[in-house]
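Beneath this line is the structure, given in structure tokens, with notes to follow.
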Amino acid sequence: MKNLILLIAFSVLMASCRKDLKPIPEEQQQVIPPDPLSTVKGFYLVNEGNMNMNKASLDYMDYTKGIYRRNIYNEVNPSIVKGLGDVANDIGVYGSKLYIVVNVSNKVEVLDVRTGKRITQINITNCRYITFKDGKAYVSAYLGKVGDPKAPNGVVVQIDTVSLTEVKRVDVGRQPEEMAIVGQKLYVANSGGYSPGAYERTVSVVDLNSFAVIKNIAVAINLHRLKADQYGDLYVTSRGDYYDIPSKMFVIDTKTDEVKKTFDIAVSNLVIDGDIAYYYGSEWSYDEAKFTVTYGMLNVKNETLMDRGFISDGTDKSITIPYGIAVHPITKEVFVTDAKNYVSPGKLYCFNTAGQKKWTVTTGDIPAHFAFIY
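Positions 144 to 517 (my numbering) are the ones given, in order, by the sequence shown.
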């Protein structure tokens, strides 16, 4: 009886505390003059948040009002007590929905793209990246527990974007990362990142009609980024082993599904806009216990490195850890995020086409992934 009374008392206390819980309010900052007629209405920036701290968050830059809004997810979805979750690893827009891949929380959040209101969540273990084609979303997933060297092969999960349910999945390599679709082929960069010394070194090719792996292209160890240009080529990055094997970038011809060129440069992330790939390298060395940071541009039409970077005013010296990159689809402004020390708010920088800083704003923790809306 005494235990029952204590249980009731505890329940009442927790209920009263629950009523007192308030979502962390969003913050707003006027960044640029409002442009109500802007073709690009704005962009979402998802902040990963440090692992196991449950601090993933969502920001929104509103071009029509010129306002940067921090932490909108909690403001719009106050009933989701744990917020967005743990490590938001990717974001994408398809139709009227916004998809956020929350890695350590093992879910894909689906929101209304206009309001940010949550529609549902799709549970996928250790999910990583997302891409879309013909009414389907494709999500790469490590499976297994975070960091488990005995984790099974990863998968790509096909999701129907109308019913928001899983349709089917296909096995690929261990710890699959970014994907790109060219024609009816889905390319998946496999890393094997949970097994240093036994990294994966292939790009899996999935036929979208049969949804089966039809080929594995040998590239290099510990693959990560995978971007398609308008000429039928893929740019895939290798992180090396952080010791003796350096990072490199490779070009795959999707007509032959073979590597046709190698760039001996460190590329941590890149974005391709038209004929230009904008990239940065933030290469970690365990031997030297430091990051080496570089910025550059590459002409994907003639597959040559350009002799200049995209930051010309020295602002790059103020960026501690570049962590995300995007290009405005119309103005061609370049955006770079700074993760700083990984545990406190980061920064977002906007550069004009001459490489000069236009504005900067404080973000959430570890700002990383962009999605523009029209």
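By construction, the Cβ of each residue, glycine as well, lies at the ideal position given by its N, Cα and C atoms.
Per DSSP, what kind of secondary structure is residue i in: helix, strand or coil?
i: Y216; result: helix
i: S461; result: helix
i: E170; result: strand
i: T268; result: coil
i: K370; result: strand
i: S381; result: strand
i: A514; result: strand
i: G235; result: strand
i: Q318; result: coil
i: L180; result: coil
i: K295; result: Before going on, a small fix: residue 295 reads as Pro here, not Lys. Looking at P295 - three-state DSSP - the assignment turns out to be coil, as it is neither helix nor strand.
i: M392; result: strand
Please classify residue i: is it buried, with 16 or more other beta-carbons within 10 angstroms of its beta-carbon, or exposed?
i: N217; result: buried
i: M449; result: exposed
i: S487; result: exposed
i: Y374; result: exposed
i: E431; result: exposed
i: R213; result: buried
What do you reckon, are the CB atoms on residue i and residue j nearer than 8 Å?
i: G209; j: S200; result: no
i: G467; j: F513; result: yes
i: T505; j: D481; result: no
i: Y386; j: Y429; result: yes
i: T304; j: G326; result: no
i: P339; j: D384; result: yes
i: L366; j: N333; result: yes
Measuring CA to CA, which of the options is closest to residue i?
i: S353; options: R317, V379 and R312; result: R312
i: V349; options: A361, A323, L366 and N365; result: A323
i: V300; options: A294, P292, V289 and E320; result: E320
i: P465; options: A432, G228, N296 and V410; result: V410
i: T474; options: P176, T182 and Q172; result: T182
Under DSSP, the beta strand (DSSP E) around residue i begins and ends at which residues?
i: V256; result: V256 -> no beta strand (DSSP E), and no H or E assigned at all.
i: F354; result: First-last for F354: undefined, no H or E at that position.
i: T474; result: Looking at the DSSP string, T474 is not in any beta strand (DSSP E), and its letter there is neither H nor E.
i: T435; result: K433 to N442
i: M204; result: S200 to D205
i: G507; result: K500 to D508
i: E401; result: E401 to F406
i: I415; result: N412 to D416
Comparing the CB of residue i with every heavy atom of the ligand FMN, is any distance shorter than 7 Å?
i: D387; result: With respect to the ligand FMN, the structure shown offers nothing to examine, as it has no ligands at all.
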